[in-house]
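Trainee: As given, the protein sequences belong to chains A and B, one line each in that order.
Numbered per our numbering, the first sequence spans residues 569 to 910.
Numbered per our numbering, the second sequence spans residues 512 to 859.
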Amino acid sequence: MSVQTPPAPPSGPRLEEPSWWSTVGHARELPIICVLAAVLIGTSLANHDFLSGQGRVDLMTAVSITALMAVGETFVIVMKHVDLSVGSTLGFAGYVAAYLVGPGGNALMVFVISSLVGLVIGLINGALVATLRLPSLVVTLGTLYVVQGLLAVTASSRVITQDKLPSALVSFGEHSLLGVPYVMWVTIVAAVIGGWYMHSRRPGRDLYAIGSNGPAAKLVGIPVRRRELMAFAVSGLCAGLAGALWSARFGGIDTSAGLGYELSVIAACVVGGVSIAGGNGTILGAFVGALLLQTIGNALSALDVPEFWQQAVNGTLLILAITVDRLASRRRERVAAREVVA
Amino acid sequence: MRHLRITWDKGLIVLLALTLGVGAVISPRFLTGNNLGFVIQDIGEIMIVALVMTLIIITGEIDLSVGSMVALTGCVMGVVWHHGWPMWLAAASAIVTGGVAGSLNGFLVTKVGLPSLAVTIGTLGLFRGLSWALLGDQTISDFPASWLAFGYDNIPGTSFPWVAPILVVLGVTFGVVLHLTRTGRWIFATGQNAQAARFAGIPVQRLKFRLFVLSGLMCGLAGIVYSMRFASARPDSAIGLELAVIASVLFGGVSIFGGVGTIWGVVTSVLFLGAIRSLLLLERVPPNELTIITGLLLLASVVIPVVASKLAGLRRKHRLPESTAGPPGQPTTAGQPLGSPGQPARSA
Numbered sequence: 569m570s571v572q573t574p575p576a577p578p579s580g581p582r583l584e585e586p587s588w589w590s591t592v593g594h595a596r597e598l599p600i601i602c603v604l605a606a607v608l609i610g611t612s613l614a615n616h617d618f619l620s621g622q623g624r625v626d627l628m629t630a631v632s633i634t635a636l637m638a639v640g641e642t643f644v645i646v647m648k649h650v651d652l653s654v655g656s657t658l659g660f661a662g663y664v665a666a667y668l669v670g671p672g673g674n675a676l677m678v679f680v681i682s683s684l685v686g687l688v689i690g691l692i693n694g695a696l697v698a699t700l701r702l703p704s705l706v707v708t709l710g711t712l713y714v715v716q717g718l719l720a721v722t723a724s725s726r727v728i729t730q731d732k733l734p735s736a737l738v739s740f741g742e743h744s745l746l747g748v749p750y751v752m753w754v755t756i757v758a759a760v761i762g763g764w765y766m767h768s769r770r771p772g773r774d775l776y777a778i779g780s781n782g783p784a785a786k787l788v789g790i791p792v793r794r795r796e797l798m799a800f801a802v803s804g805l806c807a808g809l810a811g812a813l814w815s816a817r818f819g820g821i822d823t824s825a826g827l828g829y830e831l832s833v834i835a836a837c838v839v840g841g842v843s844i845a846g847g848n849g850t851i852l853g854a855f856v857g858a859l860l861l862q863t864i865g866n867a868l869s870a871l872d873v874p875e876f877w878q879q880a881v882n883g884t885l886l887i888l889a890i891t892v893d894r895l896a897s898r899r900r901e902r903v904a905a906r907e908v909v910a
Numbered sequence: 512m513r514h515l516r517i518t519w520d521k522g523l524i525v526l527l528a529l530t531l532g533v534g535a536v537i538s539p540r541f542l543t544g545n546n547l548g549f550v551i552q553d554i555g556e557i558m559i560v561a562l563v564m565t566l567i568i569i570t571g572e573i574d575l576s577v578g579s580m581v582a583l584t585g586c587v588m589g590v591v592w593h594h595g596w597p598m599w600l601a602a603a604s605a606i607v608t609g610g611v612a613g614s615l616n617g618f619l620v621t622k623v624g625l626p627s628l629a630v631t632i633g634t635l636g637l638f639r640g641l642s643w644a645l646l647g648d649q650t651i652s653d654f655p656a657s658w659l660a661f662g663y664d665n666i667p668g669t670s671f672p673w674v675a676p677i678l679v680v681l682g683v684t685f686g687v688v689l690h691l692t693r694t695g696r697w698i699f700a701t702g703q704n705a706q707a708a709r710f711a712g713i714p715v716q717r718l719k720f721r722l723f724v725l726s727g728l729m730c731g732l733a734g735i736v737y738s739m740r741f742a743s744a745r746p747d748s749a750i751g752l753e754l755a756v757i758a759s760v761l762f763g764g765v766s767i768f769g770g771v772g773t774i775w776g777v778v779t780s781v782l783f784l785g786a787i788r789s790l791l792l793l794e795r796v797p798p799n800e801l802t803i804i805t806g807l808l809l810l811a812s813v814v815i816p817v818v819a820s821k822l823a824g825l826r827r828k829h830r831l832p833e834s835t836a837g838p839p840g841q842p843t844t845a846g847q848p849l850g851s852p853g854q855p856a857r858s859a
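(1) Using a Cβ cut-off of 9 angstroms, which residues of the region 797-830 of chain B contact any Cβ in chain A, in chain order?
(2) If you run the structure through DSSP and keep just helix, strand and coil, what is V881(B)?
(3) Please report how far the alpha carbon of Y776(A) lies from the alpha carbon of L852(A), in whole angstroms.
(4) Since L641(B) contacts G555(B) with CB under 8 angstroms, what's their CB separation in whole angstroms?
(5) Report the neighbours of R894(A) on chain B: residues whose CB is nearer than 8 angstroms to its CB, in chain order.
(6) Assuming S610(B) and V724(B) are in contact, meaning their beta carbons sit under 8 angstroms apart, how far apart are those beta carbons, in whole angstroms?
(7) Which of the three DSSP states is assigned to I821(A) in this structure?
(8) Based on Cα-Cα distance, which residue from S612(A), S843(A), I864(A) and R770(A) lies nearest to V630(B)?
(9) Please classify N882(A): is it buried, with 16 or more other beta-carbons within 10 angstroms of its beta-carbon, or exposed?
(10) Going by CA-CA distance only, name the one from F654(B), V760(B) and W592(B) that's closest to R740(B).
(11) Compute the distance between the beta-carbons of G820(A) and V903(A), then report whether it is under 8 angstroms.
(12) Of the choices Y713(A), I761(A) and V685(A), whose alpha-carbon is the least far from that of F643(A)?
(13) Exposed or buried, which one is L808(B) when buried takes at least 16 other CB atoms within 10 Å?
(14) Tell me which residues share the same chain as S780(B) and place their Cβ nearer than 7 angstroms to its Cβ, disregarding the 5 neighbours each side in the sequence.
(15) Which residues in chain A sit within 8 angstroms of T634(B), going by Cβ to Cβ distance?
(16) Name the DSSP bridge partner or partners of I863(B)?
(17) On the DSSP bridge list, what partners appear for I573(B)?
(18) Grab the span of the alpha helix (DSSP H) containing M628(A) for me, first residue to last.
(19) How would you call W599(B), buried or exposed, if buried means at least 16 neighbouring beta carbons within 10 angstroms?
(20) Just to confirm before moving on: does the CB-CB distance between I689(A) and T722(A) stay below 8 angstroms?
(21) Rank T802(B), I568(B), A528(B) and Y737(B) by C-alpha distance to the C-alpha of Y663(B) and give the top, closest one.
(22) Under a CB-based cut-off of 8 angstroms, is V630(B) close to chain A?
(23) Applying a beta-carbon distance threshold of less than 8 angstroms, which residues of chain A neighbour I698(B)?
(24) What is the rounded straight-line gap between the Cα of A815(A) and the Cα of Y713(A)?
(25) Once the 5 residues before and after L527(B) are set aside, which same chain residues still bring their CB inside 8 angstroms of it?
(26) Is T570(B) near L793(B), with beta carbons less than 8 angstroms apart?
(27) Checking the sheet assignment: what are the DSSP bridge partners for P539(B)?
(28) Does the beta carbon of L790(B) sit closer than 8 angstroms to a beta carbon anywhere in chain A?
(29) Quick check: the Cα distance between H767(A) and R827(B), rounded to an integer number of angstroms?
(30) Please confirm whether T711(A) has its beta-carbon closer than 8 angstroms to some beta-carbon of chain B.
(31) To the nearest angstrom, report how far apart A836(B) and I774(B) are at their CA atoms.
(32) Pick helix, strand or coil for P734(A), following the three-state DSSP scheme.
(33) Considering A666(A), what are the terminal residues of the alpha helix (DSSP H) in which it resides?
(34) By the 8 angstroms beta-carbon criterion, what residues does the region 690-710 of chain A contribute toward chain B?
(35) Taking just the CA atoms, how far does T530(B) sit from D893(A)?
(36) Roughly how far, in whole angstroms, is the beta-carbon of G662(A) from the beta-carbon of A825(A), given that I think they are within contact range, below 8 angstroms?
This is how it looks when you write it as structure tokens:
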């Protein structure tokens, strides 16, 4: 809850609106945006092709899928839950939609079916967590396996290639509007809607309250179970939509789609300042986190660093991001404590 | 009524026995010595890592980097051996690497104070990346024959692989430590309420740090076992092992919220999942169905206890006459905490 409510000193009746400048200056996302800018500028100075037209398009296409799932995952993590099933959901929803629509079908139907399948899986997760009070890590680990198995059984090593997809879908994955690929537009629109909802709508704000202090949120009358159901549904919906983007981007889909993506998505959220302990972080942060991880990956290959190092760098970055965040929040606590004394 | 109480881990033992019995009837090759030896070999590294994961989850933490540590330690062993050092030194360096990797996790969690879920997602990437950086797309597979025999031969004169006695010794040791020693009580106390445990004088942070180091050391051992079994060290080995291990531990009745769980429950769960997998393979069921079954079992392990205790609560509320004995798997005493991950005691 950083951009919206900058940490005001606990003492003194300071009621006026915080200035625009202090809001920006205290944003949790600020350091990560600076790092992103540094990586972008540094790499493009070393390799001029990096931010050329094609380089930009490649980067945005590559980031669109993880970033879209990170948007949904933020809803869940802010509530101190976790959704591990997003990778499996992507694969299953994307495959089923591509299979059902077929080459002659309407490309839009791929998006609709894929989203609906994702939504259903999300609702199942949400129902198990909300109605039975089950731990989300266990539930979504279970559905990760079930959905992954269902995909393997449904597809049984059949690959959906480009000629078995609606041609409009494939061209959707290949083309851009105003220099931004269509697949990235989908992610941007989802992020803007999600960000607005979590920032400005009451149910969105409820998520932060529940994540900060669940029992208190319940006592003030927030419908905790309904919000949990909603958050998991959103996460499933985003993962399902990402499945359609997968088919569009790669011009095909098979049983390995989305395998192991759950941890990259959570990493993107955490790097972007969405606290795993709940109650903190924004969609903007998660989006920038996903963008940063992907940018570093692309930057390493643009700088001719062997791709083998990419995962090590991403892991180190995640650890650094949470360490810096932790140290900064300790300092804020100390400053706040001093102001109380003074 | 006390003797009638059925907990999740006891139910699991019945389930394992049932599986073995049904398996013997369905498939004549299932209960043979050869096949059981194969099952034990198959679960080797999962069992080794699951034992230490049990302790970590009972203290309320989690270690997602185990699969990457298994790969990293295997790769380090391969590189050391490849450079002409003796094999025992290569194996020792795998264990040491595991210890160093584990202490990095422990340091970040206990000294810096970061959540273990986030830390170990980071080190999962870091350790896997280091394995790739070490070996690239190479595979090291010229390990000495005497060591490879340890990986996939049986102890002469029996049908059990060499890893079997190691698993027995480790299982007994972990069981004794968790259930019969002061350290074990500390682990449970920490998981039930870390703050209260600290006020009671338990060195909570030191305990957690040591468990993360132990996790690294055990991953080193698992890395050796894994590399010997597949006769190669590769950077892409044991991908996804962390989820398989955690699923086994949770299915064994360990609560993800900490403070609840038993070693025998986890051992039974690993054996049960191994037996099911073997049975399905013998019956030529494709491995995909196995993934679904694993997931459904995991869900069942949390859903059944919660639903059962709710039903029991309803029954008590309506003051129906108490039946003398419930069906297996159902608690007969309402309101008793079940040794199960579904226990909602500390859910937020």
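Where is the CB? At the ideal position from N, CA and C, for every residue including glycine.
Mentor: On the basis of the coordinates in this document:
(1) P797, P798, N799, E800, L801, T802, I803, I804, T805, G806, L807, L808, L809, L810, A811, S812, V813, V814, V817, V818 and K821
(2) Residue 881(B) lies beyond the residue range present for chain B, which begins at 512 and ends at 859; the question has no answer from this structure.
(3) As a working note, residue 776(A) is residue 208 in the first sequence. As a working note, residue 852(A) is residue 284 in the first sequence. L852(A) has its alpha-carbon roughly 15 angstroms from the corresponding atom of Y776(A).
(4) For this step, residue 641(B) is matched to residue 130 along the second sequence. For this step, residue 555(B) is matched to residue 44 along the second sequence. L641(B) to G555(B), Cβ: 24 angstroms. No contact.
(5) For the purposes of this step, residue 894(A) is identified with residue 326 of the first sequence, where counting begins at 1. The contacting residues are V623, G624 and L625.
(6) Counting from 1 along the second sequence, the entry for residue 610(B) is found at position 99. Counting from 1 along the second sequence, the entry for residue 724(B) is found at position 213. One detail in the question is off: residue 610(B) reads as Gly in this sequence, not Ser. Yes, G610(B) and V724(B) are in contact; Cβ-Cβ is about 6 angstroms, under 8 angstroms.
(7) As a position in the first sequence, residue 821(A) is number 253, starting the count at 1. Here I821(A) sits in strand by DSSP.
(8) To locate residue 630(B), count along the second sequence from 1; it is residue 119. V630(B) has its Cα closest to that of S843(A), out of S612(A), S843(A), I864(A) and R770(A).
(9) Translated into the one-based positions of the first sequence, residue 882(A) becomes position 314. Its Cβ being crowded by 16 or more others within 10 Å, N882(A) is buried.
(10) The sequence position of residue 740(B) within the second sequence is 229, counting from 1. By alpha-carbon distance to R740(B), the top candidate from F654(B), V760(B) and W592(B) is F654(B).
(11) Translated into the one-based positions of the first sequence, residue 820(A) becomes position 252. Translated into the one-based positions of the first sequence, residue 903(A) becomes position 335. No, Cβ-Cβ distance for G820(A) and V903(A) is not below 8 angstroms.
(12) Numbered from its first residue, the first sequence carries residue 643(A) at position 75. Out of Y713(A), I761(A) and V685(A), I761(A) has the C-alpha closest to the C-alpha of F643(A).
(13) Looking up residue 808(B) in the second sequence gives position 297. L808(B) should be labelled buried.
(14) Mapped onto the second sequence, residue 780(B) falls at position 269. Result list for S780(B): L523, S759, F762 and G763, in chain order.
(15) Counted from its first residue, the second sequence places residue 634(B) at position 123. Simply G883 and I887.
(16) Lying before the first or after the last residue shown, residue 863(B) is absent from chain B, which here runs from 512 to 859.
(17) Your numbering for residue 573(B) matches position 62 in the second sequence. Its beta-bridge partners do not exist; DSSP assigns none.
(18) Taking the first residue of the first sequence as position 1, residue 628(A) is located at position 60. That run of the alpha helix (DSSP H) goes G621 to V646.
(19) Within the second sequence, the letter at position 88 stands for residue 599(B). It counts as exposed.
(20) The residue labelled residue 689(A) in the question sits at position 121 within the first sequence. The residue labelled residue 722(A) in the question sits at position 154 within the first sequence. Not closer than 8 angstroms, so no.
(21) On the second sequence, residue 663(B) is found 152 positions in, with the first residue counted as 1. Of T802(B), I568(B), A528(B) and Y737(B), the residue nearest in Cα terms is Y737(B).
(22) The sequence position of residue 630(B) within the second sequence is 119, counting from 1. Chain A, which has a Cβ nearer than 8 angstroms to the Cβ of V630(B), makes this yes.
(23) For this step, residue 698(B) is matched to residue 187 along the second sequence. Correct list: empty, because the minimum Cβ distance to chain A is about 19 angstroms.
(24) As a working mapping, residue 815(A) is identified with position 247 in the first sequence. As a working mapping, residue 713(A) is identified with position 145 in the first sequence. The question names Ala, but residue 815(A) is Ser in the sequence shown. The alpha-carbon atoms of S815(A) and Y713(A) are separated by roughly 22 angstroms.
(25) One-based indexing of the second sequence puts residue 527(B) at position 16. T779, L782, F783 and A786, listed in sequence order.
(26) Locating residue 570(B) in the second sequence gives position 59, counting from the first residue. Locating residue 793(B) in the second sequence gives position 282, counting from the first residue. Not closer than 8 angstroms, so no.
(27) Here the question's residue 539(B) lines up with position 28 in the second sequence. P539(B) is not bridged by DSSP to any residue.
(28) The residue given as residue 790(B) occupies position 279 in the second sequence. Taking Cβ atoms only, chain A never reaches closer than 8 angstroms to L790(B), which makes this a no.
(29) The residue you call residue 767(A) lines up with position 199 of the first sequence. The residue you call residue 827(B) lines up with position 316 of the second sequence. Going by the C-alpha atoms only, they are around 45 angstroms apart.
(30) The residue labelled residue 711(A) in the question sits at position 143 within the first sequence. So yes, T711(A) belongs to the interface.
(31) Reading the second sequence from its first residue, position 325 is the one you call residue 836(B). Reading the second sequence from its first residue, position 263 is the one you call residue 774(B). Only weak support exists for where A836(B) lies, its pLDDT of 41 falling under 50; the value from the coordinates is given anyway. I774(B) has its alpha-carbon roughly 27 angstroms from the corresponding atom of A836(B).
(32) Along the first sequence, read from residue 1 onward, the residue named residue 734(A) stands at position 166. P734(A) falls in the coil class under three-state DSSP.
(33) Within the first sequence, residue 666(A) is the residue found at index 98, counting from 1. V654 to V669 is the extent of the alpha helix (DSSP H) around A666(A).
(34) L696, L700, R701, L702, P703, L705, V706, V707, L709 and G710
(35) By 1-based counting over the first sequence, the position of residue 893(A) is 325. By 1-based counting over the second sequence, the position of residue 530(B) is 19. Distance between the alpha carbons of D893(A) and T530(B) is about 49 angstroms.
(36) Translated into positions along the first sequence, residue 662(A) becomes position 94. Translated into positions along the first sequence, residue 825(A) becomes position 257. 6 angstroms between Cβ atoms; contact.
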